[in-house]
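Contents: one structure, followed by commentary.
Numbering (my numbering), first residue to last: 12 to 181.
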């Protein structure tokens, strides 16, 4: 994965990192909760930006993840262009108006027919339920143009999620 090669004049570079567990009580497959995605909602943006988290992570130090950027290319055909940059080049105004939402998943109701699996157990497909939780973002008063910042989302076993912008030290 590579960074977006864009001039940073008048902008900052944004990376994403997660710290703490992203599951509670074993995750959605075991009746608990999972944080599987963090959506970055930029005011007036035409591109959907999110970060997809792997299952059962528990990084003590912030672990970096790529962004997923989806832009609708042909509206009537629902054709999307998807990229996975390691960082984003954004204006300070975009950061100050940024909203963060965590997609929380829990075990859903069973759907479809019951099936006998290879081990002799009767199973049924389940639809996970998603709910979105807003995450407060702590932004420093002064942002240095051209500087790289880590957007660090922290979890306390999903009881509380918080986010902060940290200047990356070279």
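Backbone N, C-alpha and C fix where the C-beta goes; we use that ideal spot for every residue, glycine too.
Source: prediction; values computed, not measured.
Checklist line | Collapsed DSSP secondary structure at residue 150 in the structure displayed | finding: Three-state result, residue 150: coil.
Notebook entry, point to check: When you compare only the Cα positions, how much space is there between residue 135 and residue 32?
Noted result: A direct Cα-Cα distance of roughly 28 Å separates residue 135 from residue 32.
Notebook entry, point to check: Can you tell me whether residue 13 is buried or exposed, with buried defined as 16 or more other CB within 10 angstroms of its CB?
Noted result: Confidence in residue 13 is poor, its pLDDT being 38 and thus under 50, which makes the residue's placement unreliable; the coordinate value appears in the next sentence. Classification of residue 13: exposed, given that the 10 Å Cβ count is below 16.
Next item on the list: Compare the beta carbon distance of residue 178 and residue 100 with 9 Å and say whether it is the shorter of the two.
Entry: Here residue 178 is not near residue 100, since their CB atoms are 9 Å or more apart.
Notebook entry, point to check: Using the beta-carbon count (16 or more within 10 Å), is residue 49 buried or exposed?
Noted result: Buried: at least 16 other Cβ atoms inside 10 Å.
Notebook entry, point to check: Comparing the C-beta of residue 116 with each C-beta of chain C, is any distance below 9 Å?
Noted result: No chain C appears in this structure, which consists of one protein chain only.
Notebook entry, point to check: residue 143: beta carbon under 8 Å from a heavy atom of the ligand NAD?
Noted result: As presented, the structure is devoid of all ligands, the ligand NAD included, so that no description of it is given.
Item checked: Top-ranked residue by Cα proximity to residue 165, from 150, 154, 151, 146 -> With distances taken between Cα atoms, residue 165 lies closest to 146.
Next item on the list: Per DSSP, which residues does residue 137 bridge with? Please list them.
Entry: Residue 137 pairs with 121.
Check: According to the neighbour-count rule (16 or more other Cβ atoms, all chains shown, within 10 Å of its Cβ), is residue 110 buried or exposed?
Finding: For residue 110, the number of other beta carbons within 10 angstroms of its own is below 16, and it is reported as exposed.
Next item on the list: May I have the straight-line CA-CA distance separating residue 171 from residue 113, to the nearest angstrom?
Entry: Distance between the alpha carbons of residue 171 and residue 113: 11 Å.
Next item on the list: Helix, strand or coil for residue 155, going by three-state DSSP, please let me know.
Entry: Three-state result, residue 155: coil.
Check: Rounded to a whole number of angstroms, what is the C-alpha to C-alpha distance between residue 162 and residue 68?
Finding: In this structure, the straight-line span from the alpha carbon of residue 162 to that of residue 68 is close to 17 Å.
Check: In the DSSP assignment, what are the bridge partners of residue 95?
Finding: Paired residues: none, contrary to the question.
Notebook entry, point to check: Which residues in the same chain as residue 129 place their Cβ atom closer than 7 Å to its Cβ, once the five residues preceding and following it in sequence are excluded?
Noted result: There are no such residues.
Note to self: Looking at the secondary structure, which residues open and close the alpha helix (DSSP H) in which residue 58 lies?
What the structure shows: For residue 58, there is no enclosing alpha helix (DSSP H); the enclosing beta strand (DSSP E) has its first and last residue at 58-63.
Check: In chain order, what residues of the same chain lie with their CB nearer than 6 Å to the CB of residue 174, ignoring the 5 residues before and after it?
Finding: Only residues of its own chain outside the window of five on either side were considered, and among them 111, 146, 148, 164 have a CB closer than 6 Å to the CB of residue 174, listed in chain order.
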